[in-house]
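Asker: Have a look at the structure that comes next, please.
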Amino acid sequence: MLFKIWRFVSCITVLSHIGVQFEGSNDVGVFSKLTNKYCLVCRGGSENFYGAFETELADHIPVVHTSIAGCRFVGRVTAGNKNGLLVPISTTDTELQHIRNALPDEVVVQRIDERLSSLGNLIACNDHVALLHTDLDRETEEIVSDVLGVEVFRQSIAGNALVGSYCVFTNQGGLVHPSTTMAEKEELSSLLQVPLIAGTVNRGSDVIGAGLVANDWTAFCGYDTTSTEITVVEEIFKLGGNTTSAMDSVKNYLFEDIYCSVCLTRRKHDERAYLHGRDASKAVEATECSCGGDG
């Protein structure tokens, strides 16, 4: 199977990455849900938006055009993996039946009565483990475990309880909020049993779940995602074979701890942003901390 990452643009080929914007929005993760067994995309988008998913996925998994509770935010309000799909209690009978008919028989689709209804923001998962918002109901935790067939952990990421908004991970690896500390990354990586890296999408956005969807062989990201950000996604999700020295420099820089070893001063976001579209070695030189240490 061909491994790819798609960047959503307006019918323009950029290197090998092709796609479309969704009505001017870069938030591909809000309007779609991607797993190893199926993909949901919202109704009402352009043919270019649908075409990007169908070209890449249709030969392997079903691409289901649907709404959830009459809304197009199908990625924001659902959570799922190869074993199941969780939808909010407000999902209509017609929508539920349509989704069940379209998905493989072994995928369990279940409504969930949770007071915090944006399930995609509250739950992040792969095929084995799920991270949950710390305030989810106990019954919801049990349903997530049973339907998705995963081990569950109540967790925050860089102090944010909306774990589904601030990370994306597959069975291969994961991208987490740029403020995630090295200790947090190590703890999360131990729980998830996959490598993690702190980074951004859409030219510095830390809302990773909104700007990126991925499974074990492909990924789709927003139009504004830079080449450097794409390289990081390809590396951590094992989607590409990029081995040039420049790309290695980028990877080595981004895998460094985000705190200075001398004074633990946080590296500024604008210093990290210097990396976008510029020479990686110069970017590393630019990240000296306030105490004069070498970072």
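Counting from 296, one number per residue, gives the positions in the sequence shown under my numbering.
Here a beta-carbon is modelled for each residue, glycine too, at the ideal position from N, C-alpha and C.
According to the Cβ coordinates, are P383 and V369 closer than 8 Å?
Answerer: Looking up residue 383 in the sequence shown gives position 88. Looking up residue 369 in the sequence shown gives position 74. Their beta carbons are not under 8 Å apart, which means P383 does not touch V369 by this criterion.
Asker: In three-state DSSP terms, what is T361?
Answerer: Counting from 1 along the sequence shown, the entry for residue 361 is found at position 66. In the structure shown, T361 sits in a strand (DSSP, three-state: E or B).
Asker: Hey, V442 and C420: beta-carbon distance below 8 Å or not?
Answerer: Residue 442 sits at position 147 when you count from the first residue of the sequence shown. Residue 420 sits at position 125 when you count from the first residue of the sequence shown. It is not a contact, given that the beta carbons lie outside the stated cut-off.
Asker: For E437, does the count of other Cβ atoms within 10 angstroms reach 16, so buried, or fall short, so exposed?
Answerer: Taking the sequence shown and counting its residues from 1, one reaches residue 437 at position 142. So E437 ends up on the exposed side.
Asker: If I follow the unbroken alpha helix (DSSP H) through F515, where does it start and stop?
Answerer: In the sequence shown, residue 515 corresponds to position 220, counting from 1. Note, F515: premise wrong, no alpha helix (DSSP H); beta strand (DSSP E) at T513 to C516.
Asker: Give the range of the alpha helix (DSSP H) segment to which A347 is assigned.
Answerer: Looking up residue 347 in the sequence shown gives position 52. Note, A347: alpha helix (DSSP H), E342 to L352.
Asker: Since I452 is in the beta strand (DSSP E), which residue starts that stretch and which ends it?
Answerer: Along the sequence shown, one-based indexing puts residue 452 at 157. Run containing I452: none; DSSP gives neither H nor E here.
Asker: Quick one: is S413 buried, meaning 16 or more other Cβ sit within 10 Å of its Cβ, or exposed?
Answerer: The sequence position of residue 413 within the sequence shown is 118, counting from 1. By the neighbour-count rule (16 or more Cβ atoms within 10 Å), S413 is buried.
Asker: Cα-Cα, which of S484, S385, F348 and A425 is closest to R406?
Answerer: Mapped onto the sequence shown, residue 406 falls at position 111. Comparing Cα positions, the closest option is S385.
Asker: Candidates L487, E481, F348 and C334: which alpha carbon is nearest V447's?
Answerer: Locating residue 447 in the sequence shown gives position 152, counting from the first residue. Shortest Cα-Cα distance from V447 to any of L487, E481, F348 and C334 involves L487.
Asker: Tell me whether G459 sits in a helix, a strand or coil according to DSSP, three-state version.
Answerer: To locate residue 459, count along the sequence shown from 1; it is residue 164. Looking at G459 - three-state DSSP - the assignment turns out to be helix.
Asker: Would C337 pass as a contact of F326 if the rule is Cβ separation under 8 Å?
Answerer: Taking the sequence shown and counting its residues from 1, one reaches residue 337 at position 42. Taking the sequence shown and counting its residues from 1, one reaches residue 326 at position 31. Result yes, Cβ atoms of C337 and F326 sit closer than 8 Å.
Asker: Considering only DSSP beta bridges, list what R406 is partnered with.
Answerer: Taking the first residue of the sequence shown as 1, we reach residue 406 at position 111. In the DSSP output, where bridge partners are listed per residue, R406 has V382.
Asker: Mark A541 as exposed unless 16 or more other C-beta atoms lie within 10 angstroms of its C-beta, in which case mark it buried.
Answerer: In the sequence shown, the residue the question calls residue 541 occupies position 246. In this prediction, A541 has a pLDDT of 37, which is less than 50 and means its spatial position is unreliable; what the coordinates show is noted afterwards. It counts as exposed.
Asker: Output the distance between the C-alpha atoms of L380 and A509, rounded to the nearest integer angstrom.
Answerer: Counting from 1 along the sequence shown, the entry for residue 380 is found at position 85. Counting from 1 along the sequence shown, the entry for residue 509 is found at position 214. Using only the alpha carbons, I get a separation of about 16 Å.
Asker: Who are the near neighbours of R498 in its chain, counting only those whose CB is closer than 6 Å to its CB and skipping five residues on each side?
Answerer: As a position in the sequence shown, residue 498 is number 203, starting the count at 1. Answer for R498: D519 and T521, listed in chain order.
Asker: When you compare each of Q392, K328, G375 and C462 to L483 by their alpha carbons, which one comes out closest?
Answerer: Counted from its first residue, the sequence shown places residue 483 at position 188. With distances taken between Cα atoms, L483 lies closest to C462.
Asker: Using a Cβ-based criterion (distance less than 7 Å to any ligand heavy atom), does G379 qualify as near the ligand MG?
Answerer: Although the ligand MG was asked about, the structure shown includes no ligands whatsoever.
Asker: Might you give, ordered along the chain, the residues of its own chain that have their beta carbon closer than 8 Å to the beta carbon of S451, omitting 5 neighbours on each side?
Answerer: For the purposes of this step, residue 451 is taken as the residue at position 156 of the sequence shown. The beta carbon of S451 is closer than 8 Å to those of T429 and V458 in its chain, skipping five residues each way along the sequence.
Asker: I'd like to know whether the C-beta atoms of L507 and G365 end up nearer to each other than 8 Å.
Answerer: Taking the first residue of the sequence shown as position 1, residue 507 is located at position 212. Taking the first residue of the sequence shown as position 1, residue 365 is located at position 70. No, the Cβ-Cβ distance between L507 and G365 is not below 8 Å.
Asker: Look at the Cβ atom of V489, then the Cβ atom of F515, and state whether they are nearer than 8 Å.
Answerer: Here residue 489 corresponds to residue number 194 of the sequence shown, with the count starting at 1. Here residue 515 corresponds to residue number 220 of the sequence shown, with the count starting at 1. Not a contact, by the Cβ cut-off of 8 Å.
Asker: In the DSSP assignment, what are the bridge partners of A374?
Answerer: Residue 374 sits at position 79 when you count from the first residue of the sequence shown. Residue pairing by DSSP puts A374 in a beta bridge opposite L381.
Asker: List the whole-angstrom C-beta distance separating G504 from S460, where the pair is believed to meet the contact cut-off of C-beta under 8 Å.
Answerer: For this step, residue 504 is matched to residue 209 along the sequence shown. For this step, residue 460 is matched to residue 165 along the sequence shown. About 5 Å separates the two Cβ atoms, so the contact holds.
Asker: With burial defined as no fewer than 16 other Cβ atoms inside 10 Å of the residue's Cβ, what is the status of R367: buried or exposed?
Answerer: As a working mapping, residue 367 is identified with position 72 in the sequence shown. Per the 10 Å Cβ criterion, buried.
Asker: Find the nearest neighbour of T361 within the set R433, L398, D501 and G517, judged by alpha-carbon distance.
Answerer: Counted from its first residue, the sequence shown places residue 361 at position 66. The option with the nearest alpha carbon to T361 is L398.
Asker: Is it true that the CB of D501 sits closer than 8 Å to the CB of H472?
Answerer: To locate residue 472, count along the sequence shown from 1; it is residue 177. To locate residue 501, count along the sequence shown from 1; it is residue 206. Taking 8 Å as the Cβ cut-off, H472 and D501 qualify as a contacting pair.
Asker: Find the nearest neighbour of V424 within the set N321, G517, Q467 and E342, judged by alpha-carbon distance.
Answerer: Counting from 1 along the sequence shown, the entry for residue 424 is found at position 129. Answer by Cα proximity: Q467.
Asker: Work out the CA separation of N378 and E401 for me, nearest whole Å.
Answerer: In the sequence shown, counting from the first residue as 1, residue 401 sits at position 106. In the sequence shown, counting from the first residue as 1, residue 378 sits at position 83. Their Cα atoms are separated by approximately 7 Å.
Asker: Would V404 pass as a contact of L391 if the rule is Cβ separation under 8 Å?
Answerer: The count along the sequence shown starts at 1 and reaches residue 404 at position 109. The count along the sequence shown starts at 1 and reaches residue 391 at position 96. Taking 8 Å as the Cβ cut-off, V404 and L391 qualify as a contacting pair.
Asker: Taking all protein chains shown into account, do 16 or more other C-beta atoms lie within 10 angstroms of the C-beta of G339, making it buried, or fewer, making it exposed?
Answerer: To locate residue 339, count along the sequence shown from 1; it is residue 44. Around the C-beta of G339, fewer than 16 other C-beta atoms lie within 10 Å, and the residue is accordingly described as exposed.
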